[in-house]
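Here is the structure we will look at.
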Amino acid sequence: MGKIHEATQNVVDEIRSSKKARGSALRTLLAETNRFMKDIHRTNQGLAKTTGEMLEGFRVEHGDMARAQRENLSSQDEARGEATREFMEQVGVKVSEIRSGTQNLLERFDLEHGDMARILREKVSSEHRALVSATQGFMGQVHKVNSDRSEAVRKMLDEISSDLQQADKIWGRRMEKKTVLKAAPKPAFEKIEKKPGLELEKEKVLEVIARHSEGIRLIDIGNERGVDWRTLIGPTKSLVDKGKIEKIDNMYYPKE
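The following block contains the structure:
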């Protein structure tokens, strides 16, 4: 029992000693913490003072700068206003000069245009009279030429008509002679159809034209027939009138 009591007493003594040591350490820590907080407070006060002084200085400097800037801008505005007024005055002078020059130019143009128009009217009138006179002379010549040509055409048509009549008579006589010469008996298998001379010539002309779908001239028809083309004027005209052939310009075409 004695040993347990001593051990317990020792434990109690150690606890008391440890408590005193912790209390002393805690008091020391509190003291240091108070000193640290006081230092921080003093530092904050110093910073606040310094910051205030800096802000005050900045405010003063900013005010000075703003005042200087306003004065500078005011002086610049006055200078710009003066320059603008001078520029507008110069523009006004130039505009007045341009307006005056334009007015003078228009007046001079009106005078020159009037003179040119008068000269042009006189020239056109003179040229028109000359043109009318020349046209009348030319139309007189054309009328005379047309009259001469009309007379020549009438004479030519009369000659052609006379030639056709003579050719028709000659052809009729020739066909009559051929008919008399060919009156001898023919074989039974050969049937001969007698036709008048003009109708036979029309048939021959129609055969020639039928071989030329691309068209053929009257002179070429005469060459193929071996006759004077002028003797074919009557037959071809009759074929055209009856619608058996077509004539376009001076070409004859088979009727489709």
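In this text, residue positions in the sequence shown follow our numbering: the first is 123, and each later residue adds one.
Ideal Cβ placement from N, Cα and C applies to all residues, glycine included.
Note that the coordinates shown come from a computational prediction; the quantities given were computed from them, not determined experimentally.
Measuring C-alpha to C-alpha distances from K364 to each of D237, G337 and E325 identifies E325 as the nearest.
For K377, there is no enclosing alpha helix (DSSP H), as DSSP marks it with neither H nor E. Membership of K369 in any alpha helix (DSSP H) is not indicated; the residue belongs instead to the beta strand (DSSP E) covering I367 to I370. Beta-bridge pairing by DSSP links R339 to M373.
A direct Cα-to-Cα measurement between N345 and E378 gives close to 24 Å. Distance from the CA atom of K359 to the CA atom of E273, rounded to whole angstroms, is 23 Å. With a 10 Å radius around the Cβ and a threshold of 16 neighbouring Cβ atoms, V133 comes out exposed. Linking M238 to M261 through their CA atoms gives a straight-line distance of about 33 Å. Only residues of its own chain outside the window of five on either side were considered, and among them none has a CB closer than 6 Å to the CB of K245.
DSSP places R230 in the helix class (H, G or I) of the three-state scheme.
In this structure, the CA atom of R181 is about 22 Å from the CA atom of N166. Cβ-Cβ distances below 8 Å link L340 to W351, L354, I355, T358, N372 and Y374 in the same chain, with the five nearest sequence neighbours on each side left out; the list follows chain order. By the Cβ-count criterion, E323 is buried, with 16 or more other Cβ atoms from all chains shown falling within 10 Å of its own Cβ. Look at V217 here: in three-state DSSP terms it is helix.
In summary, G203 is exposed, with fewer than 16 beta-carbon neighbours lying within 10 Å of its beta-carbon over all protein chains present. V327 is a Cβ neighbour of I343, given a cutoff of 8 Å.
At a Cβ-Cβ threshold of 8 Å, I338 and I367 do not count as neighbours. Under the three-state reduction of DSSP output, G348 falls in the coil class, being neither helix nor strand. In the assembly as shown, G185 is an exposed residue. Its beta-carbon has fewer than 16 other beta-carbons within 10 Å. Here H235 carries a helix assignment [DSSP, helix/strand/coil].
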